[in-house]
Structure formats: structure tokens, C-alpha cells
Amino acid sequence: MRFLGIFFLVMGLWATSVTAEEAPAAAAQKQQKSPEQQAMDQLAEAGLRQALKAIQRSGGLYPFGMIQSGDTVRAVGYSGDKEDAPSAEEWAQGLFMQLRKIGKEQPDIELMALFRLHEITAENGDKVTGVWAQVDHRDVRPWVIFLPLLKNEAGKHELGDMVYYATEQPLFEKGGE
Numbered sequence: 100m101r102f103l104g105i106f107f108l109v110m111g112l113w114a115t116s117v118t119a120e121e122a123p124a125a126a127a128q129k130q131q132k133s134p135e136q137q138a139m140d141q142l143a144e145a146g147l148r149q150a151l152k153a154i155q156r157s158g159g160l161y162p163f164g165m166i167q168s169g170d171t172v173r174a175v176g177y178s179g180d181k182e183d184a185p186s187a188e189e190w191a192q193g194l195f196m197q198l199r200k201i202g203k204e205q206p207d208i209e210l211m212a213l214f215r216l217h218e219i220t221a222e223n224g225d226k227v228t229g230v231w232a233q234v235d236h237r238d239v240r241p242w243v244i245f246l247p248l249l250k251n252e253a254g255k256h257e258l259g260d261m262v263y264y265a266t267e268q269p270l271f272e273k274g275g276e
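So the sequence shown is numbered by our numbering: it starts at 100 and just counts up by one.
Following this line, the structure appears as C-alpha cells:
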């Protein structure tokens, strides 16, 4: 129930159409991105939607990955018994290594992403929880996206502004690694 606000916010975002003034700006921004970057954005959006659905359903998120080859997208997650599951942090580290191995062994995989809950300390010292996503394309630099889940005055969570930054830890092993 504590993430019910996220559900309504996400539903509101899906129901809100782009206004006539916003459409040309969005199209221009999309044209500035390479096809690889656009594909990374699409995979990130799909994974973030799934992460928010999981949070809305259960109040939490166990790390998962997504891999894409052509138009085929597959999820990669923990498949063992819940009682035997490692901590989310341990699984995120193991999943990172598993995705690297998949990328190395399967050259047809073009995109990979890893999604998990993450907590940061804001400038004011407050702890902020959000969805952390690392998205990598075999041919371009990987990105990390952080989508904060902010408590409003009513105590409900709403989506903050996404933060994008480049990372030096690719999911795909680059030459010499």
C-alpha cells in the first residue's frame, strides 16, 4: 500500500498525452540520439516499468536483468527457492557477473540492463530510495539511470526526475578486460 501513490502516478503518466507543443521537441531530441542510444532508452523504459510494477505489487524489488537480441527481449532473474535466495545486494553483484558472461558468450546480444533498488543520500542529508538501472549497448558507452521515489507531504511516494550518468563499469566486456 505504501507505493500506491507510485501506481497512480505511473497510470497518470501513461494516460497523459503529449501536447502539440511538446511533440516537436520530443521528436527533435529523439533524432539527436543514435539508434543505439534510442534502443538503450527503450530497454530502460521497459525495465523501469517492470520495476515500478513490482514495487507497486509487493512494496519491494529484487534485482533483475534484461537482455535484447534484435527485437527479442528476455528477463534474467533469480529462479531458485525464495528461502535460499541471496540478499538483494549479493544477487545484484552475481547478476552483474552473470550478464557479463552472457554478453561474452552470446555475441548476438546487443543490449543488456540491470535493475535494482538503490539508496542515495541527497544534498540535504535525507536518504532517497529509487530504481537504479544500468543499461549497456555493445557498441556505445553504458549509462546508469536513477529514478528516485520521493515521499510527498501526504507520505505517499511519487516519481522524481530521472538522473542519467555515464559509468565506467560496462555490462559488456570491452577489449582488454
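Idealized CB from N, CA, C, for every residue including glycine. On a predicted model such as this, the values are computed, not experimentally measured, just so you know.
By the neighbour-count definition (other C-beta atoms within 10 Å, threshold 16), Y161 is a buried residue. In terms of Cα proximity to E188, the closest of K200, K203, H256, W231 is W231.
By the Cβ test, the region 196-208 is in contact with the region 265-275, since at least three Cβ pairs between them sit closer than 8 Å.
Taking a C-beta distance under 8 Å as the contact criterion, F245 and V262 qualify as a contact pair.
One Cα belongs to K132, the other to A138, and the distance between them is close to 10 Å. A residue is called buried once 16 or more other Cβ atoms fall within 10 Å of its Cβ, and Q205, having fewer, is exposed. Distances from the alpha-carbon of W190 to those of R237, F163, A174 put F163 closest. Your pair V239 and E135 checks out as a contact, with CB atoms roughly 5 Å apart and the cut at 8 Å.
Measuring C-alpha to C-alpha distances from P247 to each of A253, M211, G229 identifies G229 as the nearest. In the three-state reduction of the DSSP assignment, R199 falls in the helix class.
The closest CA to that of K226, considering only L249, Q149, G158, K255, is found on L249. A direct Cα-Cα distance of roughly 11 Å separates H256 from I154.
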